[in-house]
Amino acid sequence: MATHRFSKTLNHGDIASTLVNFEESMSTAVGDSRRLVLLHGAGLAGDLTWRLVVNYLTEWDEVLIPDLPGMGDSVWVNAESAGFDEYLAAIAEFLRYQGWGQFDLVGYSFGGLLAMHLAELSDAPFKVQRLGLIEPAALLASNPELLIHRAEEYGDQAELLMSGKADAVLGFLDAVSPFRDKAGDDLVVRRLSENLAGLGYGVRAVSQALTRYSDHYANWISPVPGMSLIGGLSPESMRMRHKRLAAESPTWVLHEVPRADHGVVYSRPKQVASAINALRA
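Note that the numbering used here has the sequence shown beginning at 2, numbered continuously upward.
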């Protein structure tokens, strides 16, 4: 496995990314490369989110791990005005620059919300073949009113985070993972507090998306085959929403990890990787 770190200046800002090549599994046929894009959640960089998971991936030749703008090494041209539309446009522009005609796409939390929209783009020069959603920020309930309520809650949290209030991180964690194992809170708070503004920008974008697309998210069905992965400690409304998605989508699989919470991508990397690998099974 070889990694290459690079950055590209685009219209919305500088997007930094890591490209992982699994040299021992590289396809020999021209145009037959198996490619995967991993999108992280709000606040933390892509490498920090996915580094353990990548060690257990077996089904791809290349894996692309970009940092969302305002997080990791990626920066906005104008961070203050950046919202959901700008995040989606920035990542879509970066993927166009990358030049991959088709790939599998997996997103965690805010990255899962973005992945849903990327898979639905009709005018993009790329095609999402398979989709993986890990605790996605959009599929929280089947009731649009509950999504609007969560949007308002996230909007308040975003304001506190962007104002630099360090104690707002715990409020954010209580919102996204109320039944979590709090033994690891100190480490999570310390990491997220290193970039309060970036976390706030991401949470604000989620709030905007939930407000605008609440009806769509409440009834969303994937346009491509894929899977959801959620923690067994996630709220009942979220677990029921994903069970409904799997029941209504013949090409969709639900994985539920017992005793795991929203931080499943960090606490259970081997199980997360196994579910991602199964996309190509």
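Cβ atoms here follow ideal geometry from the backbone N, Cα and C, with glycine treated the same way.
Below 7 angstroms between beta carbons: does that hold for residue i and residue j?
i: V54; j: V21; result: no
i: G172; j: G71; result: no
i: I135; j: V225; result: no
i: S110; j: A138; result: yes
i: A46; j: G14; result: no
i: A276; j: H263; result: no
i: G233; j: R205; result: no
i: G42; j: L132; result: no
i: L40; j: A142; result: no
i: F104; j: R36; result: yes
Rounding to the nearest angstrom, what Cα-Cα distance links residue i and residue j in this structure?
i: T29; j: G113; result: Caution is warranted here: a pLDDT of 47 is assigned to T29, below 50, making its placement in the model unreliable, and the coordinate value is therefore given only provisionally. Looking at the two C-alpha atoms, the distance is approximately 31 angstroms.
i: V31; j: G102; result: Note that V31 scores a pLDDT of 47, beneath 50, so its modelled location is shaky and nothing firm can be said.
i: A125; j: A184; result: 43 angstroms
i: D68; j: N144; result: 31 angstroms
i: A279; j: R213; result: 32 angstroms
i: S235; j: L147; result: 15 angstroms
i: E94; j: S268; result: 31 angstroms
i: T10; j: I16; result: 6 angstroms
i: A90; j: L162; result: 23 angstroms
i: G165; j: A159; result: 10 angstroms
i: R281; j: Y57; result: 14 angstroms
Which residues bound the alpha helix (DSSP H) around residue i?
i: Y218; result: S215 to A219
i: H263; result: No alpha helix (DSSP H) holds H263; DSSP gives it neither H nor E.
i: F104; result: Where F104 is concerned, there is no enclosing alpha helix (DSSP H), although the beta strand (DSSP E) it sits in stretches over Q103 to Y109.
i: L147; result: P145 to M163
i: P270; result: P270 to N278
From the DSSP output, which residues share a beta bridge with residue i?
i: T4; result: V21
i: V129; result: F104
i: K9; result: I16
i: R36; result: E63
i: L255; result: S229
Need the endpoints of the beta strand (DSSP E) that residue i sits in, please.
i: R296; result: This structure gives no information on residue 296, because the portion of the chain shown stretches from 2 to 282.
i: P70; result: That residue, P70, is in no beta strand (DSSP E); it is neither H nor E in DSSP.
Mind pulling the alpha helix (DSSP H) runs of 4 or more residues that sit fully within the stretch 72-98?
-> none
Fully enclosed by the stretch 176-247, which beta strand (DSSP E) runs are 3 residues long or longer?
-> Counting only runs of 3 or more, we get 227-232.
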